[in-house]
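**Student:** Every letter in the first sequence is one number past the one before it in the numbering used here, and letter 478, counting from 1, is 477.
Positions of the beta carbon are idealized from the N, C-alpha and C atoms, including for glycine.
Here the structure is a predicted model, which is why all the values come from computation and not from measurement.
Here you go, one structure.
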Amino acid sequence: MFDWLEQLNEEQRAAVTHDDGPLRILAGAGTGKTTALTARVAWLLSNGTPPERLLLLTFTRRAARQMLHRTGMMLAAQQRANPLRQAAGHVVGGTFHAVAHRILRRYAEALGIPEGFSVLDPADAADVIDFVREEGCYAQTSGRRFPRKGLLLEIYSRAVNTGQPVSSVTAAVAPWANELVDQIIEICREYVTSKRVGGMLDFDDLLLLWRAAVLDDRLGPRLAGSVDHVLVDEYQDVNGVQVDILKALRKSDDRISIVGDDAQAVYSFRAAEPRHILDFDQDFPGARTIVLTTNYRSSQQILDVANAIGAEAPEGFSAVLHAANEQSRERPRLVRCADEDSQASTVCQQVLAHREKGTALKEQAVLVRAAHHSHLLELELSRCRVPYVKYGGLKFIEAAHVKDMLCAFRLVDNASDVLAWFRLLQLLEGVGPTIARRAVAALGLNTPDGDPMTRGQVLERWPSAAELLPVSARSHAGVLVAALEVRDGEGVPAHAERVRLALTPMIESAYPDARPRLVDLDALVVKAAGAARLSDVAADVALEPPRSTSDLAGDPTIDEDWLTISTVHSAKGLEWDVVHVLNATDGMMPSDMALGSPQGLEEERRVVYVALTRARKALHVYVPLRYHHRPRGRGDSHGWTQPSRFLSDDVRSKFDEATVEHESALHTAHPHVSDGYGRVDTDLEALWS
DNA sequence: TAATGGGGGTTTTTT
DNA sequence: ACCCCCATTA
Numbered sequence: 000m001f002d003w004l005e006q007l008n009e010e011q012r013a014a015v016t017h018d019d020g021p022l023r024i025l026a027g028a029g030t031g032k033t034t035a036l037t038a039r040v041a042w043l044l045s046n047g048t049p050p051e052r053l054l055l056l057t058f059t060r061r062a063a064r065q066m067l068h069r070t071g072m073m074l075a076a077q078q079r080a081n082p083l084r085q086a087a088g089h090v091v092g093g094t095f096h097a098v099a100h101r102i103l104r105r106y107a108e109a110l111g112i113p114e115g116f117s118v119l120d121p122a123d124a125a126d127v128i129d130f131v132r133e134e135g136c137y138a139q140t141s142g143r144r145f146p147r148k149g150l151l152l153e154i155y156s157r158a159v160n161t162g163q164p165v166s167s168v169t170a171a172v173a174p175w176a177n178e179l180v181d182q183i184i185e186i187c188r189e190y191v192t193s194k195r196v197g198g199m200l201d202f203d204d205l206l207l208l209w210r211a212a213v214l215d216d217r218l219g220p221r222l223a224g225s226v227d228h229v230l231v232d233e234y235q236d237v238n239g240v241q242v243d244i245l246k247a248l249r250k251s252d253d254r255i256s257i258v259g260d261d262a263q264a265v266y267s268f269r270a271a272e273p274r275h276i277l278d279f280d281q282d283f284p285g286a287r288t289i290v291l292t293t294n295y296r297s298s299q300q301i302l303d304v305a306n307a308i309g310a311e312a313p314e315g316f317s318a319v320l321h322a323a324n325e326q327s328r329e330r331p332r333l334v335r336c337a338d339e340d341s342q343a344s345t346v347c348q349q350v351l352a353h354r355e356k357g358t359a360l361k362e363q364a365v366l367v368r369a370a371h372h373s374h375l376l377e378l379e380l381s382r383c384r385v386p387y388v389k390y391g392g393l394k395f396i397e398a399a400h401v402k403d404m405l406c407a408f409r410l411v412d413n414a415s416d417v418l419a420w421f422r423l424l425q426l427l428e429g430v431g432p433t434i435a436r437r438a439v440a441a442l443g444l445n446t447p448d449g450d451p452m453t454r455g456q457v458l459e460r461w462p463s464a465a466e467l468l469p470v471s472a473r474s475h476a477g478v479l480v481a482a483l484e485v486r487d488g489e490g491v492p493a494h495a496e497r498v499r500l501a502l503t504p505m506i507e508s509a510y511p512d513a514r515p516r517l518v519d520l521d522a523l524v525v526k527a528a529g530a531a532r533l534s535d536v537a538a539d540v541a542l543e544p545p546r547s548t549s550d551l552a553g554d555p556t557i558d559e560d561w562l563t564i565s566t567v568h569s570a571k572g573l574e575w576d577v578v579h580v581l582n583a584t585d586g587m588m589p590s591d592m593a594l595g596s597p598q599g600l601e602e603e604r605r606v607v608y609v610a611l612t613r614a615r616k617a618l619h620v621y622v623p624l625r626y627h628h629r630p631r632g633r634g635d636s637h638g639w640t641q642p643s644r645f646l647s648d649d650v651r652s653k654f655d656e657a658t659v660e661h662e663s664a665l666h667t668a669h670p671h672v673s674d675g676y677g678r679v680d681t682d683l684e685a686l687w688s
């Protein structure tokens, strides 16, 4: 027996050493779900499964990396006693989308997809929809409020992922647009055509085409046959398309292991359905289910809070969590603050206090429902010189110049990419939407059969497109187009550098603050060093957006200590000694955006549950009692908040409660304390002198 | 036709 | 606070 196997409990060991056939591990928060799946990978490897015949699907790349790292450690420990040659690093793994992308690149030809296809991130996809929307003049002719690109994409994507018709999705998501459903459907159709013609795939296409590939009579068996075991993490967050893929992959070989927890399903907005984990034994007949209930993460006091919140769900949560750890002396704290300013300074002080008591910043996290909820705290942390890294905002790829560069990369492999042309041409001085549109039309990307054109065909027409541009713009454009051409014997990094050089003057003239932007272009050239082709760089950045700007520039502060700020969604699967949960008020947590339906409210409850169960030793929940309508506005327009509806009397009884008085006399903590005369006196005092 | 400035509507979570 | 749309100006 291996050491690491000895350290598992009975259920975990049963799960890890389960022999063949479908396996479902239902694992509550902190019950060693990752440990079990990791150990199972190690177990399979040590039993002789070649690493490349394992397919490990995780929710984030971060989780995949963590899992492979831990697997590697287990195998290394075992190798000391009994040398084996496997390396965990070769396990095929990643998110569904990333794996789909890899497969589609490899089998593009067999699937009839252009080999240099572009991957559209959601913002790109929305831009393509907008292009279609503008072209058809829908907004003008309808004469009324018309859904905008973001909403149109949401409707399209939901329909695709749930298999529901656009009409019912529209009725559910945007009932006010019900009468426009015919136009919406038309836009969806044209969107699909545009993508086809331009050789562009959006995130949904990656899954749809992977599904098509595994369902294909010729390709399917080949794909399925190359995998011995499929392992899936966070199964409560899969959607119907993903389940289809798994079923097709395991049609004639039922070795699949999944882990998940329906109490932590928080991705219904992405068409995930917790029903799939409950129906696993129907989708994969003969499945064995193992339930992990012992929590190794949190103190019982913290679990009491989480259990109390779960108990109030209409149907309850299936698992009640029990702590295996010895009790911490600290009860969870519910801290009422005067307002968000006060909350920010209190959190900052608490973080520092814990640090003084010996909990490094890296062992602490601040969790928020929405990325912008941490804004004031970030200011305060900067003021107090507390370093932090924020996860959950998608800043970097949204930066315009980054998209510009990625579009150029895409054009190198896919000259038909309409969106990339449209975007890059508008960087030129004197070129706006109209001219760009005409020039793109002159490239004649629309072929009769609807397939993308080759680079040669497109570039042949470039001169006629260039004629439509203002004379002053032609030289920059010409340089860029020349840089797109592939030279024999030139490596990908050198080509990336050539593209950067061509793009630099365009960026300089298009953006007033060009200098810091050019640094990011360098970072993208560096990223190109390891890529097989330039469009892969664009796809990688889209599929795995750097969570923070520091991500892309490597990690210079690796030895330093920093605090984590994260959305609850991005914090899933992670844990810290000390967790601070911000804005536990009605409207923020639960988000009032979600209150339209009972299911929405229940999902919010699970979000809170996920947040609370991230904490190992100490948990602080903050409730600002009032908030400013306009952030930082001197106008002092504010409203009173309600504490989150999840903080019932029963839940509150598990907390130590505290109220923080604000240090400033301008912000009184309690509604009934009024010091009107005092203020008037102070104000007047100034006049008497 | 492109660039620019003001006003109105919207405002979650992520692959 | 931000994005989008529109009217105005160059």
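Thinking just about the alpha-carbon of each residue, which of 431, 27, 34 is nearest to the one in residue 5?
**Tutor:** 34
**Student:** Note down, in chain order, each residue of its chain lying with its Cβ closer than 7 Å to the Cβ of residue 427, except the 5 sequence neighbours on either side.
**Tutor:** Counting only Cβ-Cβ distances below 7 Å, and skipping sequence neighbours, we find 468, 472, 475, 476, 505.
**Student:** Which first and last residues belong to the beta strand (DSSP E) in which residue 657 is found?
**Tutor:** 655-659
**Student:** Look up residue 226 in the DSSP assignment and say whether it is helix, strand or coil.
**Tutor:** Coil, per DSSP.
**Student:** Could you give the DSSP three-state label for residue 121: helix, strand or coil?
**Tutor:** helix
**Student:** Helix, strand or coil: how does DSSP classify residue 241 here?
**Tutor:** Correct three-state label for residue 241: helix.
**Student:** So if DSSP puts residue 389 in a beta bridge, which residue, or which two residues, is it bridged to?
**Tutor:** 564
**Student:** Please name the residue or residues paired with residue 370 in a DSSP beta bridge.
**Tutor:** None; residue 370 has no bridge partner.
**Student:** What residues in its chain sit with their C-beta under 8 Å from that of residue 376, if we drop five residues either side in the sequence?
**Tutor:** 342, 343, 346, 347, 365, 564, 581
**Student:** Give me, in chain order, the residues of the same chain whose beta-carbon lies closer than 7 Å to that of residue 600; leave out the 5 immediate sequence neighbours on both sides.
**Tutor:** 589, 593, 594
**Student:** Where does residue 358 sit, in a helix, a strand or coil, going by DSSP?
**Tutor:** Residue 358: coil per DSSP, three-state reduction.
**Student:** Leaving out five residues on either side along the sequence, give the residues of the same chain with a beta carbon under 7 Å from the beta carbon of residue 573.
**Tutor:** 613
**Student:** Give every residue of the same chain whose Cβ lies closer than 7 Å to the Cβ of residue 650, excluding the five residues on either side of it in the sequence, and list them in chain order.
**Tutor:** 304, 307, 308
**Student:** Decide if the region 173-192 is in contact with the region 63-71; the criterion is three or more beta carbon pairs, one per stretch, under 8 Å apart.
**Tutor:** no
**Student:** Applying the criterion that 16 or more other CB atoms from any shown protein chain within 10 Å of the CB defines a buried residue, is residue 632 buried or exposed?
**Tutor:** Interpretation of residue 632 is limited by its pLDDT of 40, a score under 50 that renders its predicted location unreliable; the figure taken from the coordinates is listed afterwards. Label assigned to residue 632: exposed.
**Student:** Short check: CB of residue 645 to CB of residue 607, under 8 Å?
**Tutor:** yes
**Student:** What are the uninterrupted segments assigned as alpha helix (DSSP H) that are 4 or more residues long and contained completely in the region 259-341, given in chain order?
**Tutor:** 274-277, 279-282, 299-310
**Student:** Sort 452, 597, 609, 520 by Cα distance to residue 265 and report the nearest one.
**Tutor:** 609
**Student:** I believe residue 444 touches residue 123 by the beta-carbon criterion, under 8 Å. Please report the beta-carbon distance rounded to the nearest angstrom.
**Tutor:** Between residue 123 and residue 444 the Cβ distance is about 16 Å, and since that is not below 8 Å, they are no contact.
**Student:** By how many angstroms is the C-alpha of residue 60 removed from the C-alpha of residue 93?
**Tutor:** 5 Å
**Student:** Tell me whether the region 494-503 and the region 393-410 touch, counting them as touching only if at least three CB pairs, one residue from each stretch, are closer than 8 Å.
**Tutor:** yes
**Student:** When the distance is taken between beta carbons, is residue 119 closer than 8 Å to residue 200?
**Tutor:** yes
**Student:** For a test of the three-state rule: what should DSSP assign to residue 255, helix, strand or coil?
**Tutor:** strand
**Student:** Where does residue 485 sit, in a helix, a strand or coil, going by DSSP?
**Tutor:** coil
**Student:** Nearest-angstrom Cα distance between residue 388 and residue 559?
**Tutor:** 12 Å
**Student:** Candidates 539, 624, 658, 453: which alpha carbon is nearest residue 114's?
**Tutor:** 453
**Student:** Taking the alpha helix (DSSP H) that residue 204 falls in, what are its first and last residues?
**Tutor:** Segment 202-214, the alpha helix (DSSP H) holding residue 204.
**Student:** Between the region 220-233 and the region 476-489, do three or more beta carbon pairs fall short of 8 Å?
**Tutor:** no
**Student:** Check for me: the alpha helix (DSSP H) holding residue 115 runs from which residue to which?
**Tutor:** Following the DSSP letters along the chain, one finds residue 115 in no alpha helix (DSSP H), marked with neither H nor E.
**Student:** Within the region 30-101, note down every full beta strand (DSSP E) run reaching 3 residues or more, in order along the chain.
**Tutor:** Counting only runs of 3+ residues, the beta strand (DSSP E) found wholly inside the region 30-101 occupies 53-56, 91-93, in chain order.
**Student:** Could you have a look at residue 587 and say whether DSSP puts it in helix, strand or coil?
**Tutor:** strand
**Student:** Can you give the beta carbon distance from residue 640 to residue 584, rounded, assuming they're within the 8 Å contact cut?
**Tutor:** That belief holds up - the Cβ atoms of residue 640 and residue 584 are roughly 4 Å apart, short of 8 Å.
**Student:** I need the straight-line Cα distance from residue 17 to residue 41, nearest angstrom please.
**Tutor:** 13 Å
**Student:** CA-CA distance, residue 569 and residue 58?
**Tutor:** 10 Å
**Student:** Grouping DSSP H, G and I as helix and E and B as strand, with all else coil, what is residue 615?
**Tutor:** strand
**Student:** According to the Cβ coordinates, are residue 53 and residue 98 closer than 8 Å?
**Tutor:** no
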